[in-house]
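Peer 1:
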DNA sequence: CCTATCGAATTGTTGAACAATCGTACAAGC
DNA sequence: GCTTGTACGATTGTTCAACAATTCGATAGG
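Chains as they are written, first to last, in the numbering used here: chain A, 5 to 230; chain B, 5 to 230.
#1: If we require 4 or more residues per run, which alpha helix (DSSP H) segments fall completely within the region 101-136 of chain B?
#2: Which residue marks the beginning of the beta strand (DSSP E) containing residue 1 of chain A, and which one marks its end?
#3: Can you list, in chain order, the residues of its chain whose CB lies under 7 Å from that of residue 224 of chain B, leaving out five sequence neighbours each side?
#4: Hey, is residue 57 of chain B's beta-carbon within less than 9 Å of any beta-carbon in chain A?
#5: Taking Cβ positions only, does residue 84 of chain A come closer than 9 Å to chain B?
#6: Compute the Euclidean distance between the alpha carbons of residue 130 of chain A and residue 141 of chain A, then round it to the nearest angstrom.
#7: Locate the alpha helix (DSSP H) running through residue 4 of chain A, then write down its first and last residues.
#8: Going along chain A in order, which residues have a C-beta closer than 8 Å to the C-beta of residue 92 of chain B?
#9: Name the residues in the region 161-177 of chain B whose C-beta lies less than 7 Å from a C-beta of chain A; which are they?
#10: With a threshold of 7 Å on Cβ separation, who are the neighbours of residue 229 of chain B within its own chain once the five nearest residues in sequence on each side are excluded?
#11: Here's a check: name, in chain order, each residue in its chain whose Cβ is nearer than 6 Å to the Cβ of residue 157 of chain A, leaving out the five neighbours to either side.
#12: So residue 175 of chain B is in the alpha helix (DSSP H); what residue range does that whole segment cover?
#13: At a Cβ cut of 9 Å, what residues of the region 93-110 of chain B count as close to chain A, listed as they run along the chain?
#14: Counting C-beta neighbours from all protein chains within 10 Å, is the total for residue 168 of chain B 16 or more, i.e. buried, or is it exposed?
#15: Contact check, residue 153 of chain A vs residue 106 of chain A under 8 Å by CB: the rounded distance?
#16: Within the continuous beta strand (DSSP E) that includes residue 203 of chain B, where are the two ends?
#17: At a CB-CB cut-off below 7 Å, which residues of chain B make contact with residue 79 of chain A?
#18: Give a yes or no on whether the minimum CB-CB distance between residue 219 of chain B and chain A is below 9 Å.
#19: Pull up the CB-CB distance for residue 175 of chain A and residue 91 of chain A, whole angstroms please, since I reckon it's below 8 Å.
#20: How about residue 77 of chain B and residue 161 of chain A: are their beta carbons less than 9 Å apart?
#21: Kindly list the residues whose CB is nearer than 6 Å to the CB of residue 79 of chain B, restricted to its own chain and excluding five residues on each side of it in sequence; keep chain order.
#22: Grouping DSSP H, G and I as helix and E and B as strand, with all else coil, what is residue 85 of chain B?
#23: When you compare only the Cα positions, how much space is there between residue 221 of chain A and residue 100 of chain A?
#24: What residues match up with residue 49 of chain A in a beta bridge as DSSP calls it?
#25: Helix, strand or coil: how does DSSP classify residue 227 of chain B here?
#26: I'd like to check one pair, residue 148 of chain B with residue 125 of chain B: are the Cβ atoms closer than 9 Å?
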């Protein structure tokens, strides 16, 4: 979907109330659209139409671009413009490198034993699988892995994980989605959680690393095909 | 020498020299001054004088502020202005939470066995200790711990570590420096490195966690005194 | 001593302007 | 046919000046 097609939709939302930190507000508007896949990887974000639709000035919009660029959500090419990031194979490797460290470290050294959110995420994933809802499975799966890192109770590590998961969504949007991608991993998550709650953190971490390696390999294979 | 051979070199020089992205340039100027302690924590960064000194407009300077705020180097208070961040006790706890995860995970799961930079950092730290150079010890110590995370070969984890170390410098600048702070930790680093190279990664990671807990406690104690 | 109100100063945001750079089209030369 | 040179339009990078919004401090009054 290109920029032109979602312009009316954006305009509808932006007539709403006033906001402090307009630059951050504009960034979140764009971030949501990109996360939802309404702005596909590679799409060009021209300043002029976006200013008009969001009702902000070019300067403010550029602040929003700066924010999103730091999150690797958009890519800035000097004098050419801003584009929704199209993840490369190296990006996928880097994303999974970070995830392997973050998630296995969280399982190994977390201090918080509160796993309610993890159980809930698995339940949601199974319900989505039964309904055949691919977006539901994807969302619940991300919730599970975000919840694992949340065990660390560290704002910065959580922020890093959120950012990486946002890049994951870009990866999914940049290639033809395989409807069966998430399904087999749901039970893997359940096993990891059981192992963790049984107290064998090293084993849980090892399972997680294995899980992530398989998922990475599968995504890289799909990426090379596209 | 053919054209292809010098192309990478040319590209490298041109990204250095060119000032496109003036906002990023201004951000690095301020970041350097803050890191060096020339701008102390709590100092107010007024827009008007800074524009004049850096020779950039208010808009560009505000882009730089956005970059630094995201790195937690400066703190933005709406309608009040931008200040060099003054780390709180909670900030110190969060910094060490991140460091414990990052550094122990790096020791446990790193794939790269290249420890040359680590040995060099320890050598520099010892030389600085013999010369009585406190800044030298601090710098070499940070190099060692940055080098540990560099074992992960992950750009994003390295960036996160660099950011946290920048916050560490803010912590040091915000309290009276104890000249003897770094000295006892130098040999701890050496022991950690030896254990790691002996192949016992779990033990090395455990030593690192212990090291970081002691340093955190010491800094928190000094912070509560100030 | 406390509270309320006013005004100066600073920040938040905008709109317009100009310079710099890129893509494209088209002509010229080998 | 392919490359090179050149003009032009479009878009981005940066600055400037202005106005609105907010905060801080001072001053007056209870």
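Don't be surprised by glycine CBs; every beta carbon is placed ideally from N, CA and C.
Peer 2: Let's see:
#1: 120-135
#2: Outside the displayed range of chain A (5 to 230) lies residue 1 of chain A, so it cannot be described from this structure.
#3: Cβ contact annotation for residue 224 of chain B (same chain, cutoff 7 Å, sequence separation greater than five): 93, 96, in chain order.
#4: no
#5: no
#6: 8 Å
#7: With chain A running from 5 to 230 in the structure shown, residue 4 of chain A is simply not present.
#8: Within 8 Å Cβ-Cβ: nothing; residue 92 of chain B doesn't reach chain A, min ~13 Å.
#9: 161, 164
#10: none
#11: 116
#12: 159-177
#13: Cβ contacts with chain A come from 98, 99, 101, 102, 104, 105, 106, 108, 109, 110.
#14: By the neighbour-count criterion, in which 16 or more other beta carbons inside 10 Å mark a residue as buried, residue 168 of chain B falls on the buried side.
#15: 5 Å
#16: Per DSSP, residue 203 of chain B belongs to no beta strand (DSSP E) and is neither H nor E.
#17: The contacting residues do not exist; residue 79 of chain A stays about 13 Å from chain B at best.
#18: no
#19: 5 Å
#20: no
#21: Excluding residues within five positions, the ones whose Cβ falls inside 6 Å are 87, 89.
#22: strand
#23: The alpha-carbon atoms of residue 221 of chain A and residue 100 of chain A are separated by roughly 10 Å.
#24: By DSSP's assignment, residue 49 of chain A forms a beta bridge with A:86.
#25: helix
#26: Annotated as proximal: residue 125 of chain B and residue 148 of chain B, with beta-carbon spacing under 9 Å.
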